[in-house]
Amino acid sequence: MRIETCPVTGVRRAGDGIFVLGITSPGIASTIRPGQFINVRVEPGNDPLLRRPFSVYRIDGSTVEIIFNVVGRGTAALSHKRGGDILDVLGPLGVPFGIAAPDYETAILIGGGLGVAPLPILTDALRPGVRAILTFIGARNAKQIVRDHLADPRIATDDGSAGFHGTVVQLAEETLSRNMPRRPKIFACGPTPMLRAVAAFAVRLDVPCEVSLEGPMGCGIGICQGCPVELAGEEKRYALMCKDGPVFDSRIIRI
Amino acid sequence: MRIETCPVTGVRRAGDGIFVLGITSPGIASTIRPGQFINVRVEPGNDPLLRRPFSVYRIDGSTVEIIFNVVGRGTAALSHKRGGDILDVLGPLGVPFGIAAPDYETAILIGGGLGVAPLPILTDALRPGVRAILTFIGARNAKQIVRDHLADPRIATDDGSAGFHGTVVQLAEETLSRNMPRRPKIFACGPTPMLRAVAAFAVRLDVPCEVSLEGPMGCGIGICQGCPVELAGEEKRYALMCKDGPVFDSRIIRI
Amino acid sequence: MAATSFTLAGMYLKNRVLAASGTYGYGDECLDVADVTRLGGIVTKSLSLKPRAGNPPVRIAETAGGMLNSIGLANIGAHRFITEKLPFLRTVDTAVVVNIAASTVDEYCEVLSILDGEDGIDGFEINVSCPNVREGGLSFGTSCPAVAEITRRLRPLTRRPLIIKLTPNVTHISEFARAVEAEGADAVSVINTLIGMAVNVRTRAPVLSTVTGGLSGPAIKPVALAKVYETARAVRIPVIGIGGIASANDALEFLIAGASAVQVGTANFIDPAAGITIAAGINRYCDENGIEDVGELVGSLNVGAGVSVVDSWL
Amino acid sequence: MAATSFTLAGMYLKNRVLAASGTYGYGDECLDVADVTRLGGIVTKSLSLKPRAGNPPVRIAETAGGMLNSIGLANIGAHRFITEKLPFLRTVDTAVVVNIAASTVDEYCEVLSILDGEDGIDGFEINVSCPNVREGGLSFGTSCPAVAEITRRLRPLTRRPLIIKLTPNVTHISEFARAVEAEGADAVSVINTLIGMAVNVRTRAPVLSTVTGGLSGPAIKPVALAKVYETARAVRIPVIGIGGIASANDALEFLIAGASAVQVGTANFIDPAAGITIAAGINRYCDENGIEDVGELVGSLNVGAGVSVVDSWL
Ligand SMILES: Cc1cc2nc3c(=O)[nH]c(=O)nc-3n(C[C@H](O)[C@H](O)[C@H](O)COP(=O)(O)OP(=O)(O)OC[C@H]3O[C@@H](n4cnc5c(N)ncnc54)[C@H](O)[C@@H]3O)c2cc1C
Ligand SMILES: Cc1cc2nc3c(=O)[nH]c(=O)nc-3n(C[C@H](O)[C@H](O)[C@H](O)COP(=O)(O)OP(=O)(O)OC[C@H]3O[C@@H](n4cnc5c(N)ncnc54)[C@H](O)[C@@H]3O)c2cc1C
Ligand SMILES: Cc1cc2nc3c(=O)[nH]c(=O)nc-3n(C[C@H](O)[C@H](O)[C@H](O)COP(=O)(O)O)c2cc1C
Ligand SMILES: Cc1cc2nc3c(=O)[nH]c(=O)nc-3n(C[C@H](O)[C@H](O)[C@H](O)COP(=O)(O)O)c2cc1C
Ligand code: FES
Ligand code: FES
């Protein structure tokens, strides 16, 4: 973990309301692992005050890319950055996906909306090790599908404007319940309701499953206790999304 | 007075820590009078929160220029603007210089530091009407002298690195006490201590004198009462810098 | 198009957004840039018996997301208000709430009586954040008995809506709200400014000539919202929410938390039409959410069952 | 190079900047990005007798220039602190102040006694902004007798510096400071968070699971500064200034207003090395201004003769 002031390489549109922003950061580029995130200071002043957490989408040499939806002040400001602007970035942060073989042979990647963000570098990291990668991605409509840099993804859209008409979880479950690959493991990222559904069918099909969560964060490094994730089990206990996650084994948490 | 969202035409350096910023505003360009100011919203968000007041430096067609020193957050942010950025500007505001002849024949312009800001458009406005314009400008050193668009200014620098070695007030008083033009009137703008000195010698030489003040403002339009200017006379009374000024007859106020 | 007009404490308002006292002059400054008839109402600068010059400079200082002021209630006094400002205000088609400040209870009474003789005034708002000369300048507003007494003395003097504007610089603002409700106040305005301070490290002197001043603007919105929520749950009379409101979203938070109307202050300094934009934004929200009357929003906060405010260890 | 080290209430500090409770974990999280030995000290997260899971999500919300939190004092408890955190802290060359929270006076006493048996602790800071179960969850911190009682009961239990951390959510914080001074407290920390709230207008529900939370960050700096100024003029014991400090300039304002030291909280979330940068900036300021000991700045505010704070009508 370190703080770097990184020049922005550029910002490009990647869908409606979706942008990809690149920064130059040899440090992060060389150490980041799939599922880890960076915490970005959007402006030097107080508005917005807190950093914004983003998964790393792509690595290209010393260039680190994030992909984001404009949902509020911070992401709006980021979408207006230009090449040459300087961003203060803290990272790499958090627990990455557990990709170390050999506890599985087929990696099943499921991404909902911009939950696809960590999948490209996850795919790159998996390729050497695993026998097969099955990728399912879903979005509200075709315009919101981001399919680049993935191992030929199967696509689902809520409105049926592209691929399967329904949620990515329905698509994945349908496909997998018909023929489940040998020794599979699920890696999922997306909105909480989707992850809840993934976790449920992972249990039904008895497949190991890791989910990457998202939610508000204060610090991103474990000092504010602002990002509780409820743990499974009798007594109320919380893990920290930023430090113990954002990636969790779906069975140890209550999503 | 109106609020306009104006495209920035560009920002250029005009001395050390001194910048000229241009905006396109037909409305302000066509209505602004010398000594009036505009109140600029530096950023759309809360940082900084309040508008920043600036004299209008130049008018060129529908382009309005301000010239400013980087002294804090707002001016620093303005110095980083680029052509195409949008600025929210409120103006024209305040009482302009009283240039209507024939109560004087020679206009004596005195500008200290960036108190030169309103002098170029004042000079343009005066030229048709008056017999002569005497301009005195001063700054800490040669690097801070901004002499463009003025009627051959006499220059003073505190460190003697250009022109007269001393303050612009000393220079003006020396020159004028030797030979005072017929029916003169002083128009002065600059830091408060300088204006105090100008007002004092205007009284000594019995010359009518208008000064343009500067100080913190909340609103710039008379609704916050945040910009008091103490009036001369027995009982404590205040005028408002933004509404009754920023230009005042030096004899009616206590600088 | 949702219904926006309503009666607040007997006062007809065309919408729920008013300009806050001291941030809109006497309503006659912003005409070029704001169609004040589209405001629910205008609250005047606090008026005292005699004109007040106000405090010496520096009177304002910007802070993070806010500003400090120590204007010193500079105002033209009740009499000049009647002759110089009221005639114009009578011609403006929006509610006019006259805010009153004083340094003795008698002065409050005298000012109100003078103004109550005039028409064109829709209601009175009483600024109790004033130094009580009897108490060596301690603010009336931080003494519950003093605030209650002011209300008790003023109530019989007018049949117009009597709104008490409370200060947030107290431990339990709801106690004060209950006290003035008991004394017959028609509504409470919550909040006035928080006491704050800034230091110039170059000169090592206070930035404000009065050392401390009143903090306002977006920075105080969360505090104001909590005070409004506390107050609205404690009294039956309407609560007017004030504090850091700069957008329709901000205003909606206050309505949902229990405010029957809101006042916009500091935001006017950045955009004198802020209140108008906010009123329009509230309507848009209602239309988008199938709300037929803005009033439905008031106090509509749904506090999850499981949640206990008490257990919140700050 | 100005002298920076000093003794605060009997506690040696190498400089005047500490990390505030709850914003630096137990001092062992930020080692990659911050050399904690360059801090004057670290105040731990509040420790209770038993571990506390804390409040359910959502625990934080960003606001204009600040943030709300309702962590619910999630902490590992006194015992695990001693076994899991203290050994490391003993090895770190900076002052360690242990902050204590409880829901009964007895629990405060028990926690302090347990910890007082350990070495490697330089002082205790008592967080009184906790719900008093006896009083149905009303915060101890807003009751002057309760805060005085906590101090009275704790004072005899330790010879280490006893610092009471006061809440700003009261009318006159100086009364509380005087009360704890009278009970033998060695210093006061001013301020804890302001009560605030945020509403999600889409769901019409509170953003925080506990409805209200604690407001911190640059937004509250002016309020904190005014509270520190009020407190420092009321007591002889040192005041530790806290609230919105994010730069050396901010810290200097507090020292000049009367704080003997400062704590940096929310700023750590944006930059865990903030306190270190601030300490360095204070030194630079002293060197540039010919100040030989940072202590010279403490309370050096020059309040102009003519000025009367009283006359400030907010
Ligand atoms: C580990 C992690 C990885 C993430 N990766 C991505 C990504 O790759 N692409 C992407 O588009 N988004 C991602 N997010 C969500 C992203 O952080 C938020 O969309 C963003 O912070 C919103 O900021 P804003 O100012 O635009 O929105 P605002 O609503 O203005 O933000 C206000 C506050 O709420 C917080 N917040 C609001 N929505 C979210 C959210 N969904 N998750 C977390 N915090 C939120 C913000 O951080 C801020 O503190 C990730 C979140 C986490 C925790
Ligand atoms: C009528 C008028 C005309 C002006 N014309 C010019 C001009 O042409 N060129 C120029 O360089 N400056 C001019 N100024 C001063 C300019 O407004 C300030 O330098 C600027 O506001 C500083 O903003 P900041 O954020 O950089 O500084 P900060 O110190 O960060 O500002 C903090 C607060 O203090 C206020 N402030 C600080 N210094 C001044 C000051 N000297 N005068 C007024 N407010 C101040 C700011 O407006 C802001 O509210 C003028 C001021 C007035 C009142
Ligand atoms: C410059 C200024 C002057 C004010 N003057 C008064 C006043 O005369 N009487 C009063 O009751 N409130 C006065 N207030 C308080 C506001 O009416 C309002 O309660 C407070 O500013 C909080 O709202 P805001 O954050 O929207 O500004 C003043 C506020 C400011 C900023
Ligand atoms: C997330 C968070 C957690 C906090 N936890 C504690 C705590 O456990 N005990 C305590 O005394 N203060 C706690 N505080 C208050 C801070 O120590 C500090 O008093 C307050 O945040 C004001 O300082 P700041 O504006 O620099 O953050 C917490 C503050 C925050 C933001
Ligand atoms: S975000 Fe601060 S602890 Fe996780
Ligand atoms: S700046 Fe508001 S009245 Fe002059």
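Residue numbers (this note's numbering), protein chains in the order written: chain A, 1 to 255; chain B, 1001 to 1255; chain C, 2001 to 2314; chain D, 3001 to 3314.
Ideal Cβ positions, reconstructed from N, Cα and C, are used throughout, including at glycine.
If you're wondering where the values come from, they're calculated on a predicted model, not measured in any experiment.
The alpha helix (DSSP H) that contains residue 2271 (chain C), what's its start and end?
Here residue 2271 (chain C) belongs to no alpha helix (DSSP H), and DSSP marks it neither H nor E.
Can you look up residue 288 (chain A) in the DSSP assignment and give me helix, strand or coil?
Outside the displayed range of chain A (1 to 255) lies residue 288 (chain A), so it cannot be described from this structure.
Go ahead and pull the three-state DSSP assignment for residue 36 (chain A).
coil
Taking just the CA atoms, how far does residue 3194 (chain D) sit from residue 3243 (chain D)?
10 Å
Could you name the residues, in chain order, whose CB is less than 7 Å away from a heavy atom belonging to ligand 8?
With respect to ligand 8, the structure shown offers nothing to examine, as its ligands consist of ligand 1, ligand 2, ligand 3, ligand 4, ligand 5 and ligand 6.
Are the CB atoms of residue 3165 (chain D) and residue 3143 (chain D) nearer to each other than 7 Å?
no
Cβ of residue 2193 (chain C) within 6 Å of any heavy atom in ligand 3?
yes
Is the segment 3228-3239 of chain D in contact with the segment 3256-3276 of chain D, if contact means three or more CB pairs nearer than 8 Å?
yes
Does residue 81 (chain A) come within less than 7 Å of chain E when only Cβ atoms are used?
Considering every chain present, this structure includes no chain E. Its protein chains are A, B, C and D.
Indicate whether residue 2151 (chain C) and residue 2116 (chain C) have their beta-carbon atoms separated by less than 7 Å.
no
Measure the CB-CB distance between residue 1241 (chain B) and residue 1222 (chain B) and report whether it falls below 7 Å.
no
Return the chain-ordered list of same chain residues with a C-beta closer than 7 Å to the C-beta of residue 3067 (chain D), the five sequence neighbours on each side being excluded.
3060, 3061, 3216, 3217, 3266
Once the 5 residues before and after residue 3122 (chain D) are set aside, which same chain residues still bring their CB inside 8 Å of it?
3011, 3012, 3041, 3095, 3096, 3097, 3160, 3161
Under a CB-based cut-off of 7 Å, is residue 84 (chain A) close to chain B?
no
Just to check my reading of the structure: residue 51 (chain A) and residue 220 (chain A) have Cβ atoms closer than 8 Å, yes? What is that Cβ distance to the nearest angstrom?
6 Å
For a cutoff of 7 Å on Cβ pairs, would you count residue 1047 (chain B) as touching chain A?
yes
Does ligand 1 have a heavy atom nearer than 6 Å to the CB of residue 248 (chain A)?
no
Assuming residue 3113 (chain D) and residue 3130 (chain D) form a contact by the criterion Cβ under 8 Å, report the distance between their Cβ atoms to the nearest whole angstrom.
The Cβ separation is near 18 Å, so there is no contact.
Taking only heavy atoms of ligand 2 into account, decide whether any of them is closer than 6 Å to the Cβ of residue 3247 (chain D).
no
If you reduce the DSSP assignment to three classes, tell me which class residue 2177 (chain C) lands in.
helix
The beta strand (DSSP E) that contains residue 219 (chain A), what's its start and end?
Per DSSP, residue 219 (chain A) belongs to no beta strand (DSSP E) and is neither H nor E.
What do you reckon, are the CB atoms on residue 1171 (chain B) and residue 1201 (chain B) nearer than 7 Å?
no
Measure the beta-carbon distance from residue 121 (chain A) to residue 71 (chain A) and round it to whole angstroms, keeping in mind my assumption that it falls under 8 Å.
Not a contact, Cβ separation roughly 22 Å.
Relative to ligand 3, is the shortest distance from any of its heavy atoms to the C-beta of residue 49 (chain A) smaller than 6 Å?
no
Classify residue 32 (chain A) as buried or exposed, calling it buried when 16 or more other Cβ atoms lie within 10 Å of its own Cβ.
buried
Is residue 2242 (chain C) near ligand 3, with its Cβ less than 6 Å from a heavy atom?
yes
C-alpha gap between residue 3168 (chain D) and residue 233 (chain A), whole angstroms:
39 Å
With a threshold of 6 Å, establish whether the CB of residue 2071 (chain C) neighbours any heavy atom of ligand 3.
yes
At a cut-off of 6 Å, is residue 3198 (chain D) close to ligand 3 when judged by its beta-carbon and the heavy atoms of the ligand?
no
Taking the Cβ atom as the reference point for each residue, do residue 37 (chain A) and residue 210 (chain A) lie within a distance shorter than 7 Å?
no
Mind checking which residues open and close the alpha helix (DSSP H) that includes residue 139 (chain A)?
Note, residue 139 (chain A): premise wrong, no alpha helix (DSSP H); beta strand (DSSP E) at 132-139.
Here's a check: name, in chain order, each residue in its chain whose Cβ is nearer than 8 Å to the Cβ of residue 2118 (chain C), leaving out the five neighbours to either side.
2082, 2086
What three-state label does DSSP hand residue 268 (chain A) in the structure shown?
Any answer about residue 268 (chain A) is impossible in this case: the structure gives chain A only from 1 up to 255.
Out of A:165, A:144, A:208, A:49, point me to the one whose CA is closest to residue 14 (chain A)'s CA.
A:144
Starting from the C-beta of residue 2148 (chain C), find all residues in its chain whose C-beta is less than 6 Å away, skip the five residues before and the five after it, and write them out in chain order.
2179, 2183
Suppose contacts are defined by Cβ-Cβ distances below 7 Å. Is residue 3088 (chain D) in contact with residue 3028 (chain D) by that definition?
yes
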